[in-house]
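Numbering (the working numbering), first residue to last: 72 to 186. Presented below is the structure to which this report refers.
Listed below in structure tokens is the structure:
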């Protein structure tokens with residue numbers, strides 16, 4: 072839990088508006104903790120398929136958890152795609168004055184060396 076707590080504290084101190092954009096570590100950890108535990112090694116409960124064979128409940132729980140995890144990852148990815156787009160726009164906007172200035176002074180080669 073230390074990573075999740077440290078990460079949450081770091082976000083609160085530095086970028087509080089980003090806190091809901093990251094993976095919900097605590098919630099995902101709680102989901103994992105509440106999944107049913109498999110039987111101990113070497114023990115096959117009666118009326119169940121052999122160890123290692125998928126059971127319908129296990130498959131349903133896994134699909135459910137993977138669905139939640141995918142939603143969290145999509146949220147995370149969408150946030151980064153949006154931020155990347157914002158930074159590309161800001162970069163292009165900041166390049167324009169430099170390029171205009173270089174063009175006016177006929178110093179394209181200095182601008183090219185800079186980049």
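Note that beta-carbon positions come from the ideal geometry of N, C-alpha and C, so glycine has one too.
{"query": "When 160, 78, 92 are compared against residue 142, the one with the closest alpha-carbon", "result": "92"}
{"query": "Own chain, CB closer than 8 Å to residue 82, minus 5 neighbours either side, in chain order", "result": "89, 90, 93"}
{"query": "Range of the contiguous alpha helix (DSSP H) that encloses residue 84", "result": "73 to 85"}
{"query": "Residue 75 vs residue 101 beta-carbon contact at 8 Å", "result": "no"}
{"query": "From 157, 105, 111, 164, residue whose alpha carbon lies closest to that of residue 133", "result": "105"}
{"query": "First and last residue of the uninterrupted alpha helix (DSSP H) at residue 98", "result": "96 to 104"}
{"query": "Of the listed residues 107, 136, 86, nearest to residue 98 (C-alpha basis)", "result": "136"}
{"query": "Heavy atom of the ligand MG within 7 Å of residue 111 beta-carbon", "result": "Looking at this structure, you won't find the ligand MG or any other ligand, since it has none at all."}
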